[in-house]
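Numbered by our numbering, the letters in the sequence shown go through residues 7 to 235 in order.
Scroll down for the structure; my scribbles are underneath it.
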Amino acid sequence: MKFIETPSPNFDDRSLPVTMVVLHYTGMQDGASAIARLRDPEAKVSSHYLVEEDGTVLRMVAEEKRAWHAGRSHWRGVEDVNSASIGIEIVNPGHEFGYRPFPPEQIASVVALVAEIKDRHEITRGNIVGHSDIAPTRKRDPGELFPWHELARRRLALPRPTKNLMDPGWTEGGFCLALERFGYDVENRMAATMAFQRRFRPELVDGEVDAECRCILLALLLPKPMGDD
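In structure tokens, the structure reads:
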């Protein structure tokens, strides 16, 4: 895959092997502003890659280095997500500046990039996540408009379960425990529920634990014949 080398000084050394990919939107008014911030030493933020709306891919930090994209976060027991992940910023103004659908050419580049990273580091589909998954109290990106199904149908992310769904009848507390088992930080139950909905039930993100949410989560937790790879 071709990249435009656009180095950022904002990185340090990893302390963990790469086991995750974290997808973000830039959440700024335009791509140029996002690139400038990701390269600003004073900002102390960065990502390994940035994908522009026309599909152009910028490489900003080498994969062997620890970029500063995740912030305070947690996923499946990992607290230093920056050390364990590759961060991809996707140019989109986000909820604060006019959130809009991601162009097809941009998503095509994201798909190709994630595929290469997944293969290179042998990352499981369950560890290809959004920023809101790892930091539910702070972040909403890449948001409910991100087409996770485009990654899922290529086995690059977990699909939304749709068949043979069963309602386990969990209480809210039981649902919270199941969310934690799946990988979420559930210190804030509503925030974790909304992050789960953005990822797996994006048409209704209300923080309410209903039968559909329980069914989806149970299906995700049940053993799969092909595993989680």
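Every residue gets a Cβ at the ideal spot worked out from N, C-alpha and C, and that includes glycine.
Exercise. Mind checking MET232: buried by the 16 CB within 10 Å criterion, or exposed?
Worked result: Numbered from 1 along the sequence shown, position 226 holds the residue referred to as residue 232. Model confidence at MET232 stands at a pLDDT of 48, short of 50, so the residue's coordinates are unreliable; what they give is reported in the following sentence. Classification of MET232: exposed, given that the 10 Å Cβ count is below 16.
For this session: Answer with buried or exposed for PHE17, where buried requires no fewer than 16 other C-beta atoms within 10 angstroms of its C-beta.
Result: Residue numbering aside, residue 17 sits at position 11 when the sequence shown is read from its first letter. Classification for PHE17: buried.
Problem set entry | Proximal residues to LEU223 (C-beta, below 6 Å), its chain only, five neighbours per side dropped | Residue numbering aside, residue 223 sits at position 217 when the sequence shown is read from its first letter. Take LEU223, set aside five residues on each side of it, and the residues of its chain with a beta-carbon closer than 6 Å to its own are ALA184, in chain order.
Exercise. Going by beta carbon distance, what residues of the same chain come within less than 7 Å of ALA217, once the five residues before and after it are set aside?
Worked result: Reading the sequence shown from its first residue, position 211 is the one you call residue 217. Around ALA217: ASP173.
Exercise. Nearest to LYS169 by alpha carbon, out of ARG160, LEU226, VAL117?
Worked result: Here residue 169 is taken as the residue at index 163 of the sequence shown, counted from 1. Relative to the Cα of LYS169, the nearest Cα in the group ARG160, LEU226, VAL117 belongs to LEU226.
For this session: State the CB to CB distance for the pair ALA76 and ILE140, rounded to an integer number of angstroms; the pair is presumed to be in contact (CB under 8 Å).
Result: Here residue 76 is taken as the residue at index 70 of the sequence shown, counted from 1. Here residue 140 is taken as the residue at index 134 of the sequence shown, counted from 1. ALA76 to ILE140, Cβ: 6 Å. Contact.
For this session: Could you tell me if GLU95 is buried or exposed, where buried requires 16 or more neighbouring beta carbons within 10 angstroms of its beta carbon?
Result: On the sequence shown, position 89 is the one that residue 95 refers to. So GLU95 counts as buried.
Exercise. Who are the near neighbours of PHE9 in its chain, counting only those whose CB is closer than 6 Å to its CB and skipping five residues on each side?
Worked result: Stepping through the sequence shown from its first residue, residue 9 is reached at position 3. Within the same chain, VAL63, ARG65 come within 6 Å of PHE9 by CB-CB distance, once the 5 residues on both sides are set aside.
For this session: Could you please give the first and the last residue of the uninterrupted alpha helix (DSSP H) stretch that includes ALA73?
Result: One-based indexing of the sequence shown puts residue 73 at position 67. Looking at the DSSP string, ALA73 is not in any alpha helix (DSSP H); the run it does join, the beta strand (DSSP E), is 71 to 73.
Exercise. According to the Cβ coordinates, are VAL28 and HIS127 closer than 8 Å?
Worked result: To locate residue 28, count along the sequence shown from 1; it is residue 22. To locate residue 127, count along the sequence shown from 1; it is residue 121. No, Cβ-Cβ distance for VAL28 and HIS127 is not below 8 Å.
Exercise. When you compare only the Cα positions, how much space is there between GLU70 and THR25?
Worked result: Taking the first residue of the sequence shown as position 1, residue 70 is located at position 64. Taking the first residue of the sequence shown as position 1, residue 25 is located at position 19. Taking the straight line from one Cα to the other gives about 12 Å.
Exercise. Using the C-alpha atoms, what's the distance from THR12 back to ARG45?
Worked result: For the purposes of this step, residue 45 is identified with residue 39 of the sequence shown, where counting begins at 1. For the purposes of this step, residue 12 is identified with residue 6 of the sequence shown, where counting begins at 1. Approximately 8 Å, taken between the alpha carbons.
Exercise. Hey, out of ARG160, LYS145, ARG146, TYR190, whose CA is closest to ARG131's CA?
Worked result: Taking the first residue of the sequence shown as position 1, residue 131 is located at position 125. Closest by alpha carbon: ARG160.
Exercise. Which residues in the same chain have their Cβ closer than 8 Å to the Cβ of LEU162, if we skip the five residues on either side of it in sequence?
Worked result: In the sequence shown, residue 162 corresponds to position 156, counting from 1. Scanning its chain for C-beta atoms nearer than 8 Å, with the 5 sequence neighbours on each side dropped, one finds around LEU162 the residues VAL117, VAL120, ALA121, LYS124, ARG131, ILE134, in chain order.
Problem set entry | Simplified DSSP state of GLY93, which is helix, strand or coil | Stepping through the sequence shown from its first residue, residue 93 is reached at position 87. Of the three classes helix, strand and coil, the one that applies to GLY93 here is strand, per DSSP.
Exercise. In the segment 21 to 83, which residue ranges form an unbroken beta strand (DSSP E) of at least 3 residues, counting only runs that do not cross its ends?
Worked result: 26 to 31, 55 to 57, 63 to 65, 71 to 73
Exercise. Between LYS145 and the rest of its own chain, which residues show a CB-CB distance below 6 Å, the 5 nearest in sequence each way excluded?
Worked result: What you label residue 145 is simply residue 139 of the sequence shown in a count that begins at 1. HIS137, SER138, listed in sequence order.
Exercise. Which of the three DSSP states, helix, strand or coil, is assigned to ASP173?
Worked result: As a first step, residue 173 is located in the sequence shown; it is residue number 167 there, counting from the start. ASP173 falls in the coil class under three-state DSSP.
Exercise. Among all the DSSP beta bridges, which residues are the ones paired with PHE17?
Worked result: Position 11 of the sequence shown, counted from the first residue, corresponds to residue 17. Per DSSP, ALA73.
For this session: Using only alpha-carbon positions, find the residue among GLN35, GLU214, PHE103 that is nearest to TRP176.
Result: As a position in the sequence shown, residue 176 is number 170, starting the count at 1. Among GLN35, GLU214, PHE103, the Cα nearest to that of TRP176 is on GLU214.
Exercise. What did DSSP end up calling GLY136 once you bin it into helix, strand or coil?
Worked result: Within the sequence shown, the letter at position 130 stands for residue 136. Note: GLY136 maps to strand in three-state DSSP.
Problem set entry | Distance between GLY83 and SER89 (C-alpha atoms, nearest Å) | Along the sequence shown, read from residue 1 onward, the residue named residue 89 stands at position 83. Along the sequence shown, read from residue 1 onward, the residue named residue 83 stands at position 77. When rounded, the distance between both Cα atoms is 13 Å.
For this session: Measure the Cβ-Cβ separation of ARG220 and VAL211 and say whether it is below 8 Å.
Result: Here residue 220 is taken as the residue at index 214 of the sequence shown, counted from 1. Here residue 211 is taken as the residue at index 205 of the sequence shown, counted from 1. Their beta carbons are not under 8 Å apart, which means ARG220 does not touch VAL211 by this criterion.
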